[in-house]
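Just below is one structure, and these are the notes that go with it.
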Amino acid sequence: MATRIDKEACREAYNLVRDDNSGINWVSFKYDGSMIVPGGHGADYEEFKSQCAVIAVLLLAVLHRSASPHILLLLTDDVRLFGFVRFTTGDAMSKRVKFALITWIGENVSGLQRAKISTDKTTVKEVVQNFAKEFMVSDLRELEEEYILSELKKAGGANYDAQTE
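Residue numbers (full-length UniProt numbering): 1 to 165.
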């Protein structure tokens, strides 16, 4: 059966992350049978941590260096999901918001589900249309904040941050 997406619900969640005034910094899109639906969203690490404890999944916290709220993604090794995440980059003189589309494929996802993820991502991109960079990961270590921020800066072209590099 072909994968479908709940466009209205997913677009609403996507727009929450893009809205500068919502306080929402991430949204996940998960599979509910053959339908892709919003899996959760949030801004605060502790709130998210307790939510995850209730549903018993592994956590990965991707922390901002700034005072903005923490970002967290729900990831386990037998799940495939998509995350749309808001990052703030820049220096004291200038802050910029960058968005990333993260495709999580757990190490224990079946071969058939792995094969379907690329066509399913096309379906997700019908809703999630604006992002600086996309990542396809299957290891929690691949989501280290420093690496993601570095890749987002590279994707942005010229880097005018006050730096010593």
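All C-beta atoms, glycine included, are put in the ideal place defined by N, C-alpha and C. Only a predicted model underlies this, so the values are computations on that prediction, with no experimental measurement involved.
Would DSSP call residue i helix, strand or coil?
i: Ile24; result: coil
i: Asp91; result: coil
i: Glu126; result: coil
i: Val17; result: helix
i: Asp120; result: helix
i: Gly156; result: coil
i: Thr106; result: Note that residue 106 is Gly in the sequence shown here, rather than Thr. Gly106 falls in the coil class under three-state DSSP.
i: Ala100; result: strand
i: Gly39; result: strand
i: Leu83; result: The question names Leu, yet the displayed sequence has Gly at residue 83. DSSP places Gly83 in strand when its eight states are reduced to three.
i: Cys52; result: In this predicted model, Cys52 has a pLDDT of only 31, less than 50, meaning its place in the structure is not dependable enough to derive any value.
What separation, rounded to the nearest whole angstrom, lies between the Cα atoms of residue i and residue j?
i: Glu94; j: Val17; result: Here residue 94 is Ser; the residue named in the question, Glu, does not match the sequence. Between Ser94 and Val17, the C-alpha separation is close to 20 Å.
i: Lys154; j: Gln129; result: 19 Å
i: His70; j: Lys116; result: For His70, the predicted model reports a pLDDT of 37, less than 50, meaning its position is unreliable and no value from the coordinates is stated.
i: residue 190; j: Trp104; result: As displayed, the chain neither begins before 1 nor continues past 165, which places residue 190 out of reach and without an answer.
i: Ser22; j: Lys7; result: 20 Å
i: Arg4; j: Gln113; result: 14 Å
i: Val85; j: Pro38; result: 13 Å
i: Asp139; j: Glu107; result: 7 Å
i: Leu149; j: Gly40; result: 23 Å
i: Lys133; j: Arg80; result: 19 Å
i: Glu146; j: Phe135; result: 14 Å
i: Gly156; j: Gly33; result: 36 Å
i: Lys98; j: Gly83; result: 14 Å
i: Val127; j: Glu12; result: 9 Å
i: Tyr31; j: Arg96; result: 31 Å
Quick one: using the 10 Å Cβ neighbour count with 16 as the cut-off for buried, is residue i buried or exposed?
i: Asp120; result: buried
i: Asn15; result: exposed
i: Ser28; result: buried
i: Ala92; result: exposed
i: Val124; result: buried
i: Thr89; result: buried
i: Ala2; result: exposed
i: Gly111; result: exposed
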